Every structure is written in C-alpha cells, then in structure tokens.
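Here the structure comes first, spelled out in structure tokens, and everything after it is commentary.
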Amino acid sequence: MGERAHGISWLSDTAMRGVAAGRAASVLRAMRPLQWVKNAVVLAALVFAARLDDPASAVSALGAVISFCLVSSAVYLLNDLHDVDADRLHPEKRTRPIASGELPPALAAVSAAALLATGLTVAWAVRPVFAAICVAYAALMAGYSYRLKSVAIVDVAIIAVGFVLRAVGGGVAIDVTISNWLLMCTFLLALFLGFGKRRQEFAHLPDAVAHRRNLQHYTLPLLDQLVAASAAATLVAYALYTVEARNLAGQRAMVLTVPIVAFALARYLYLMRRHGGGGSPERVLVSDRPLLAAVAVWGAVCIVLLWPTG
Numbered sequence: 001m002g003e004r005a006h007g008i009s010w011l012s013d014t015a016m017r018g019v020a021a022g023r024a025a026s027v028l029r030a031m032r033p034l035q036w037v038k039n040a041v042v043l044a045a046l047v048f049a050a051r052l053d054d055p056a057s058a059v060s061a062l063g064a065v066i067s068f069c070l071v072s073s074a075v076y077l078l079n080d081l082h083d084v085d086a087d088r089l090h091p092e093k094r095t096r097p098i099a100s101g102e103l104p105p106a107l108a109a110v111s112a113a114a115l116l117a118t119g120l121t122v123a124w125a126v127r128p129v130f131a132a133i134c135v136a137y138a139a140l141m142a143g144y145s146y147r148l149k150s151v152a153i154v155d156v157a158i159i160a161v162g163f164v165l166r167a168v169g170g171g172v173a174i175d176v177t178i179s180n181w182l183l184m185c186t187f188l189l190a191l192f193l194g195f196g197k198r199r200q201e202f203a204h205l206p207d208a209v210a211h212r213r214n215l216q217h218y219t220l221p222l223l224d225q226l227v228a229a230s231a232a233a234t235l236v237a238y239a240l241y242t243v244e245a246r247n248l249a250g251q252r253a254m255v256l257t258v259p260i261v262a263f264a265l266a267r268y269l270y271l272m273r274r275h276g277g278g279g280s281p282e283r284v285l286v287s288d289r290p291l292l293a294a295v296a297v298w299g300a301v302c303i304v305l306l307w308p309t310g
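So, in structure tokens, the structure goes:
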C-alpha cells in the first residue's frame with residue numbers, strides 16, 4: 001500500500017512539474033522573444049558614439065537592452081490581456097497563449113507585473129535617468145494598448161515614438177547625447193514599418209476592422225502613400241545623417257552605407273507588395289535572407305568604420 005501511495009505521489013509531482021513547465025513555456029511565448037530584436041535600437045548610441053571599446057559603456061548598453069526586453073514583454077502581456085477578444089478573430093494572433101486559453105489571465109497579469117518590476121530594477125542599476133526613460137516607454141505603450149491604438153495615424157506615431165525612446169535610452173545609459181539626425185531616422189523608419197504593418201492588416205485580414213477598429217479610417221491608397229512617403233523620408237534623412245551629423249564628421253566613408261539602406265528599404269517594400277509581408281517586421285527580417293544579409297552587412301560596415309582608432 002505504501003509503495004502504491006508513493007507511486008501515486010511521484011506521478012502527481014511529475015504531473016505538477018509538467019504543468020509548471022507548460023505554464024512557463026506559455027509565459028515565455030507570450031513575452032514574444034522574437035520581438036526583442038527591436039531593442040537592438042538601444043545599441044545605436046554605443047556604435048555611433050564610438051564607445052565600442054569601452055567595457056563600462058558596453059555593460060551599460062547590454063543592461064539597457066535587457067531592461068527594454070523585460071519591460072516591452074510586460075507591455076506585450078498587458079496588450080494581449082486587453083485585446084484577447086480581438087485576437088481571437090485574427091488568423092494568427094488567436095494562437096497566442098492568452099487568446100487560445102493556454103495562459104490564464106491571472107498568471108499573465110502576475111507575470112507582466114514581475115517582468116516590469118525586474119526590468120525597472122535593472123534599468124535603475126544601469127542609471128536612474130535611464131529607468132525614467134523605461135517608465136515613460138511603459139506608460140506610453142500602456143496608453144497605446146488601452147486607448148491610442150484606436151486613433152488613426154496617431155497609433156503608428158506612438159509606435160515610432162517608442163522606438164525613439166529606445167534610441168534615447170541607449171544614449172542615456174552610456175551618458176552620451178544621441179544625434180538628432182539618428183533620432184529622426186529612427187522615427188521615420190518606425191513610421192515606415194508601422195504603416196507597412198497597417199497596410200498588411202488592411203489588405204490581407206478577412207475582417208480587418210473587427211480586429212482593429214481604426215482600420216476603418218484608412219484606405220489602401222492612403223496606406224500605400226504613407227508607406228512610400230515614410231520610406232523616401234527615411235532614406236533621405238539617413239543619407240543626410242551620414243554627411244551632416246557632427247558625430248560622423250570625421251568619418252565621411254559612412255556615406256557608403258546609404259546604398260545598403262536603400263536596398264534594405266526596397267527589399268522590404270518588395271516583400272510587402274509581392275509576398276504579403278510586413279505584418280510582422282521582425283519575422284520578415286529573420287526569414288528573408290537578402291534582407292537579413294543587408295542588415296548584417298550594414299551593421300558590420302558601421303562597426304568597422306566607427307570603431308575607435310585612437
């Protein structure tokens with residue numbers, strides 16, 4: 001009898017461990033780790049301020065990236081809690097852990113609070129001022145999730161400002177002033193990606209307005225114009241940045257990266273218009289080899305050209 005009870009207890013413990021592991025995996029999926037690639041923007045200040053050879057700056061920049069990953073994941077969980085009904089109407093988002101019922105809402109809320117607290121703790125350890133940037137980002141994204149995403153144009157602008165806060169945070173973390181040109185390029189590129197995402201949703205979702213109400217204020221021709229305008233503005237701003245920014249005054253060869261950026265933008269437009277890409281920019285980036293290669297080459301060239309020599 002004792003052996004049988006022991007066996008039942010062992011099976012019960014094993015089952016509980018399996019449930020716990022499954023819950024942990026669900027939380028991890030809900031954190032959207034693939035989207036952490038967006039937080040690479042935080043590293044822009046480290047590269048363009050030529051601090052790559054400074055260990056203290058590198059550690060601070062890494063801590064800043066980790067902070068943004070944790071805080072952004074907390075925001076994703078809160079967003080999914082708010083949008084659970086709309087996500088269940090989406091052909092892809094309905095498989096998300098909360099929408100599918102795989103992750104209980106209470107656990108998602110607790111996980112979001114824990115991630116936010118941990119992220120802000122790490123941010124404070126980097127620099128208290130950087131922690132304030134993270135708080136501002138979390139507040140902005142909360143406003144987006146619960147209200148501002150329903151306002152056409154403003155919804156994409158808010159996402160773009162979120163990327164600017166990442167770039168600013170990267171500069172604050174290593175105590176450098178980030179170039180206004182770089183902030184402009186970041187904002188415009190985020191607008192391009194954001195309008196591209198709205199275009200994909202408008203053009204390819206079976207019931208787009210039911211999923212995202214503000215899509216009723218857009219039209220396909222309007223979105224095409226916004227995508228084209230933001231792409232052109234991004235390229236022009238980046239080209240001017242390479243020749244006009246003070247922090248690049250000693251490295252005129254940066255203009256050589258302009259064709260790489262032009263190709264990357266054109267490739268993304270091609271994938272958007274010919275293959276229905278754009279709904280998930282991070283997936284497009286990691287799945288398309290020419291685009292991924294262009295980004296990798298651009299990053300490598302920037303590092304080589306801006307690596308401190310003295």
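Here my numbering is used: the first residue of the sequence shown is 1, the next is one more, and so on.
Glycine included, C-beta positions come from ideal geometry on N, C-alpha and C.
Here the structure is a predicted model, which is why all the values come from computation and not from measurement.
Assuming residue i and residue j are in contact, meaning their beta carbons sit under 8 angstroms apart, how far apart are those beta carbons, in whole angstroms?
i	j	result
residue 137	residue 181	Not really, about 22 angstroms apart at Cβ, beyond 8 angstroms.
residue 269	residue 231	6 angstroms
residue 257	residue 301	5 angstroms
residue 84	residue 64	Residue 84 to residue 64, Cβ: 31 angstroms. No contact.
residue 77	residue 112	4 angstroms
residue 261	residue 235	6 angstroms
residue 75	residue 303	Going by Cβ atoms, the distance from residue 75 to residue 303 rounds to 30 angstroms, so no, they are not a contact pair.
residue 201	residue 35	That pair is no contact at about 16 angstroms.
residue 271	residue 284	6 angstroms
residue 162	residue 140	6 angstroms
residue 52	residue 307	6 angstroms
residue 243	residue 264	Going by Cβ atoms, the distance from residue 243 to residue 264 rounds to 19 angstroms, so no, they are not a contact pair.
So, residue i versus residue j, is the Cβ gap smaller than 7 angstroms?
i	j	result
residue 79	residue 155	no
residue 170	residue 44	yes
residue 164	residue 193	no
residue 185	residue 237	yes
residue 103	residue 30	yes
residue 174	residue 57	yes
residue 152	residue 217	yes
residue 199	residue 222	no
residue 119	residue 70	yes
residue 26	residue 97	yes
residue 187	residue 226	no
residue 172	residue 133	yes
residue 101	residue 197	no
residue 158	residue 146	no
residue 267	residue 291	yes
residue 131	residue 124	yes
residue 81	residue 108	yes
residue 160	residue 191	yes
residue 204	residue 276	yes
residue 68	residue 42	yes
residue 66	residue 122	yes
residue 126	residue 60	yes
Would you say residue i lies against chain C (beta-carbon separation less than 7 angstroms)?
i	result
residue 79	Within the model displayed, chain C is absent; a lone protein chain is all it includes.
Per DSSP, what kind of secondary structure is residue i in: helix, strand or coil?
i	result
residue 176	coil
residue 52	coil
residue 152	coil
residue 205	coil
residue 288	coil
residue 184	helix
residue 283	helix
residue 31	coil
residue 307	coil
residue 234	helix
residue 276	coil
residue 219	coil
Taking 6 angstroms as the cut-off, is the beta-carbon of residue i closer than that to any non-hydrogen atom of the ligand HEM?
i	result
residue 299	Although the ligand HEM was asked about, the structure shown includes no ligands whatsoever.
Enumerate, from N- to C-terminal direction, the unbroken alpha helix (DSSP H) stretches of 4 or more residues contained entirely within the region 67 to 146.
Whole alpha helix (DSSP H) segments, 4+ residues: 84 to 87, 105 to 126, 128 to 146.
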